[in-house]
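To start, the structure under review is shown below, and the notes come after it.
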Amino acid sequence: MYDMSTSESSSSSKDKAMSRRELLATMGTATAGIILAAGTGWSGTAAAEPMPNPMQNPGFRPESVAWINVKNYGAQGLGRFDQNDAPAIQSAVEAAGPMGGTVYLPPGRYILRSSIMLRPNVRLVGDGPGASILKAAESNLSMVMGLGTKKNAVEGLGFEGMGALSLTNSKMTERGVYFEKCEHVSVRNCHFTAIVNGVWLNDSRHVSVSQSSFSQLFAYENFYEGYGIFAESAANFRLTDNRFHLLKRPCIYISAGSSYSIVSDNVAQQCEDAFIVVSSKLKPSSYHRIEGNILSAEGLENGAFASKQGIVLRDYCTDNVIVHNVISRAKEFGISLTGDGAAADERPFGNIVSGNKIDQTERGIVLLNSDVTTVAGNDVRRVQTGIALGTSGNADGSFSRHNLVTGNMLSRCSTAAIQIAGSRCENNVVYGNAGTGNGEGLTDQGKDTSKTGF
212 MYDMSTSESS SSSKDKAMSR RELLATMGTA TAGIILAAGT GWSGTAAAEP MPNPMQNPGF
272 RPESVAWINV KNYGAQGLGR FDQNDAPAIQ SAVEAAGPMG GTVYLPPGRY ILRSSIMLRP
332 NVRLVGDGPG ASILKAAESN LSMVMGLGTK KNAVEGLGFE GMGALSLTNS KMTERGVYFE
392 KCEHVSVRNC HFTAIVNGVW LNDSRHVSVS QSSFSQLFAY ENFYEGYGIF AESAANFRLT
452 DNRFHLLKRP CIYISAGSSY SIVSDNVAQQ CEDAFIVVSS KLKPSSYHRI EGNILSAEGL
512 ENGAFASKQG IVLRDYCTDN VIVHNVISRA KEFGISLTGD GAAADERPFG NIVSGNKIDQ
572 TERGIVLLNS DVTTVAGNDV RRVQTGIALG TSGNADGSFS RHNLVTGNML SRCSTAAIQI
632 AGSRCENNVV YGNAGTGNGE GLTDQGKDTS KTGF
């Protein structure tokens, strides 16, 4: 280490000693901040968590990082509806845009009358979803949008909409965050409430939505209203550790051939529709891993339900894994794989349902017009029918064939532990299941069922 006290001892120490101002100027503002903080002797807890460090995002190069405060560009954040903070926030985004950086929204309530358009390599960061809030002041507004951009992040923000609903089946609905044809983008630690839709992903890749909450979203008769997270034609995305409460439509809806996702560790309470839906008609929706999600009955009164349905795979869904989920008090069923009887090929095929815990619903696991499904190692209790295989219609796709049901624990199923309904259930294998307190062990009206045990 260089020792200033021993160098050039013949010179005056007064001439060589650096002033406090010179020292700080030499070391730079970052190091100076550390020294100043250490020298103050302050104690106590900060009012908010430290702001995220843009250097931690691999999408940004150290030499190009900018940290831009929207208030320096004219944003007020006063929550006054006679103001519009969108132009000022957009100016801050544009300032960060050429090289990339972080646009920071200090605590406040920012009124938006137009969308905030993200630019590549730009992060939009607030002081936490309860502190930095974006409030829509125009109907059908996508509040934050990314169109064909890469390496964006939206973090620590609250989103409140106007809640304007449509009487027609229009996709032009209110959304908190909308990504279209984007790559390597994320939403983290945000809260969406009093809004029509939360996060919408369209034809985007490598997307992450995590640690966010969705509460009291609005919906009427329009199919495109009321979703927490909606993904269409998306791939390689992760929806993890999110919370859903009082939603009228599915909390998570994956559609239009979306593939290769991880949907994990999400929790839903007191919702009116399904918890998680994967649905596709013309293109297979494949290689989703739906794991460790919880439909919670916490705080429910007797006779109340946590949701209408648990996890749903509908129509052309292939090679997906539904594993280790906990589903309590869904009204109709815990897990369902349902195909269209009129479609010969575009039906559930080759999916795995394993290790799930299902409790207090009408039917635990349902396979309807579904082929080559493995149903293994699940625990189903206090239902009418534990596992049900069936068909609907009489068309080319009205079959349930070559499914394997094994190693499941089925208890207190008042009608039957396992039910195979109708001769169009063909060549299924049922063996090695166990349980107690069931009305019937196995009721089998299928054709060529192979079984050992019940």
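The opening residue of the sequence shown carries number 212 in this note's numbering; numbering runs sequentially from there.
For each residue, glycine too, the CB sits at the ideal point set by N, CA and C.
Please go through the same chain and pick out, in chain order, the residues whose beta-carbon is closer than 6 Å to the beta-carbon of residue i, but skip the five residues on each side of it.
i: G618; result: A587, G588, G643
i: R460; result: A430, G437, Y438, D484
i: K662; result: V641, Y642
i: T626; result: Q595, T596, G650
i: N504; result: N477, N536
i: R454; result: S424, V478
i: I386; result: At residue 386 the sequence reads Arg, which differs from the Ile that was named. Only S353, N408, W411 meet the Cβ criterion.
i: G337; result: L316, S343, G367, L368
i: S475; result: T451, E502, G503
i: F441; result: W411, Y464
i: V577; result: F544, S547, A599
Taking Cβ to Cβ, would you say residue i is nearer than 8 Å to residue j?
i: V333; j: V281; result: no
i: P331; j: G288; result: no
i: N649; j: R612; result: no
i: Y527; j: R558; result: yes
i: V418; j: S397; result: yes
i: G601; j: G550; result: no
i: N433; j: S377; result: yes
i: L323; j: A307; result: no
i: K346; j: R320; result: yes
i: A606; j: G552; result: yes
i: A541; j: L506; result: yes
i: L329; j: M373; result: no
In whole angstroms, what separates the C-alpha of residue i from that of residue j?
i: N295; j: A479; result: 34 Å
i: A467; j: S415; result: 12 Å
i: S490; j: G290; result: 39 Å
i: M354; j: I473; result: 26 Å
i: Y435; j: G285; result: 35 Å
i: S645; j: S622; result: The amino acid at residue 645 is misidentified as Ser; the sequence shows Ala. The alpha-carbon atoms of A645 and S622 are separated by roughly 8 Å.
i: L548; j: I598; result: 12 Å
i: L247; j: W278; result: Only weak support is given to the placement of L247: the predicted model assigns it a pLDDT of 32, under 50, and the value that follows is read from those uncertain coordinates. Going from the Cα of L247 to the Cα of W278 covers about 21 Å.
i: S581; j: G339; result: 44 Å
i: S326; j: N513; result: 44 Å
i: Q520; j: H456; result: 14 Å
i: G510; j: A517; result: 10 Å
i: G657; j: G561; result: 20 Å
i: L358; j: P495; result: 25 Å
i: K392; j: L458; result: 27 Å
i: T572; j: S302; result: 52 Å
i: R525; j: T585; result: 16 Å
i: S381; j: K568; result: 37 Å
i: Y471; j: A508; result: 29 Å
i: F390; j: I300; result: 18 Å
i: C482; j: M620; result: 27 Å
i: Q630; j: T384; result: 42 Å
i: L493; j: V388; result: 27 Å
i: R635; j: F610; result: 5 Å
i: V583; j: N614; result: 4 Å
i: S469; j: S497; result: 7 Å
So what does DSSP say about residue i, is it helix, strand or coil?
i: I406; result: coil
i: K658; result: strand
i: N280; result: strand
i: A485; result: strand
i: P298; result: helix
i: V583; result: coil
i: E573; result: strand
i: E305; result: helix
i: R460; result: coil
i: C401; result: coil
i: C636; result: strand
i: L621; result: strand
i: S350; result: coil
i: K362; result: strand
i: N531; result: coil
i: M356; result: strand
i: K315; result: For clarity, residue 315 is Tyr in the given sequence; the question names Lys instead. Y315 falls in the strand class under three-state DSSP.
i: E371; result: strand
Would you mind giving the Cβ-Cβ distance between residue i and residue j, rounded to the nearest angstrom? I have them listed as a contact below 8 Å.
i: H395; j: S424; result: Their Cβ separation, rounded to whole angstroms, is 23 Å, which puts H395 and S424 out of contact at 8 Å.
i: V534; j: G566; result: 5 Å
i: L653; j: A632; result: Contact flag wrong, Cβ pair sits at about 12 Å.
i: R399; j: A364; result: 7 Å
i: D570; j: S539; result: 5 Å
i: V523; j: V488; result: 5 Å
i: F448; j: I406; result: F448 to I406, Cβ: 21 Å. No contact.
Under 8 Å, Cβ to Cβ, is there at least one residue of chain B near residue i?
i: D551; result: No chain B appears in the structure shown, which is made up of a single protein chain.
Are there any heavy atoms of the ligand ZN lying less than 7 Å away from the beta-carbon of residue i, as far as the coordinates show?
i: N283; result: In the structure on display, the ligand ZN does not appear, and there are no ligands present to speak of.
Within the same chain, show all residues whose beta-carbon is closer than 8 Å to that of residue i, passing over the 5 residues directly before and after it, in chain order.
i: P269; result: At P269 the pLDDT is 40, less than 50, meaning the model places this residue with poor confidence; the figure from the coordinates comes in the next sentence. So the list is empty, once near-sequence residues are dropped.
Using C-beta distances below 7 Å, list every residue in its chain close to residue i, excluding the 5 sequence neighbours before and after it, in chain order.
i: T404; result: E371, S426, Q427
i: T660; result: I631, N639, V641
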